[in-house]
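Here the structure is laid out as structure tokens; the discussion comes afterwards.
Numbering (the numbering used here), first residue to last: 378 to 516.
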């Protein structure tokens with residue numbers, strides 16, 4: 378429908394520059410997408426799991442946030458995946474990707490603040506596997 382008014386809100390999360398320098402606070406530094414977590418190699422579980430953010434040679438000691446893709450692989454029942462900073466994590470306070478049926482594979486982009494010590498938390502209330510691919514970070 379083109380006759381209805383629409384309001385739009387845009388939140389700026391960072392910016393790009395032409396030099397690729399990672400020396401400015403809030404700057405986004407892209408990288409070649411890389412898989413850094415695939416829980417399918419471990420037992421199927423539910424609950425909160427701690428995920429260390431891998432540091433690369435050009436990444437600061439503790440980036441303020443990472444940009445990636447969170448994939449949820451539900452198993453026996455509908456579920457969701459929630460990801461966020463480990464130290465500030467509250468189970469069930471939000472979701473990044475939702476599976477409304479069992480045996481579903483769904484992916485969603487995720488911009489995630491990192492926690493103290495460079496750890497993320499990933500929570501699934503029902504048994505599921507998840508994959509996290511990293512594509513950049515914020516200084």
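We put the CB at the ideal spot given by N, CA and C, even for glycine. These figures come from a predicted structure and were not determined experimentally.
Original post:
Thinking just about the alpha-carbon of each residue, which of 410, 513, 508 and 439 is nearest to the one in residue 426?
Top reply: For the purposes of this step, residue 426 is identified with residue 49 of the chain shown, where counting begins at 1. Out of 410, 513, 508 and 439, 508 has the C-alpha closest to the C-alpha of residue 426.
Original post:
Under the three-state reduction of DSSP, which class applies to residue 425: helix, strand or coil?
Top reply: Working through the chain shown from its first residue, we reach residue 425 at position 48. It is a strand residue.
Original post:
From which residue to which residue does the beta strand (DSSP E) around residue 411 run?
Top reply: Residue mapping note: residue 411 aligns to position 34 of the chain shown, counting from 1. Start and end: 405-415.
**OP:** May I ask you to report which of helix, strand or coil DSSP gives residue 358?
**Re:** Nothing about residue 358 can be reported from this structure: the residues present for the chain run from 378 to 516 only.
Subject >> Collapsed DSSP secondary structure at residue 418 in the structure displayed >> reply: Your numbering for residue 418 matches position 41 in the chain shown. If DSSP states are grouped into helix, strand and coil, residue 418 belongs with the helices.
Original post:
Would you say the segment 407-414 touches the segment 460-472, given that touching needs at least three Cβ pairs under 8 Å?
Top reply: no
Subject >> In DSSP terms, what residue 510 is bridged to >> reply: Taking the first residue of the chain shown as 1, we reach residue 510 at position 133. DSSP output for residue 510 lists 412 and 446 as bridge partner(s).
Original post:
Tell me which same chain residues have a C-beta within less than 8 Å of the C-beta of residue 505, skipping the five on either side of it?
Top reply: Within the chain shown, numbered from 1, the residue matching residue 505 stands at position 128. The answer, listed in chain order, is 421, 423, 449, 450, 451, 452, 456, 458 and 476.
Original post:
Just how far apart, CA to CA, sit residue 444 and residue 487?
Top reply: What you label residue 444 is simply residue 67 of the chain shown in a count that begins at 1. What you label residue 487 is simply residue 110 of the chain shown in a count that begins at 1. Computed Cα separation, rounded: 6 Å.
Original post:
Going by the CB atoms, is the gap between residue 460 and residue 497 shorter than 8 Å?
Top reply: On the chain shown, residue 497 is found 120 positions in, with the first residue counted as 1. On the chain shown, residue 460 is found 83 positions in, with the first residue counted as 1. For residue 497 and residue 460, yes; Cβs fall inside 8 Å.
Original post:
Pick from 501, 513 and 512: whose alpha carbon is nearest that of residue 416?
Top reply: Sequence index remark: in the chain shown, residue 416 carries index 39 (1-based). With distances taken between Cα atoms, residue 416 lies closest to 501.
**OP:** Have a look at the DSSP bridge pairing and note the partners of residue 494.
**Re:** In the chain shown, counting from the first residue as 1, residue 494 sits at position 117. Per DSSP, none; premise fails for residue 494.
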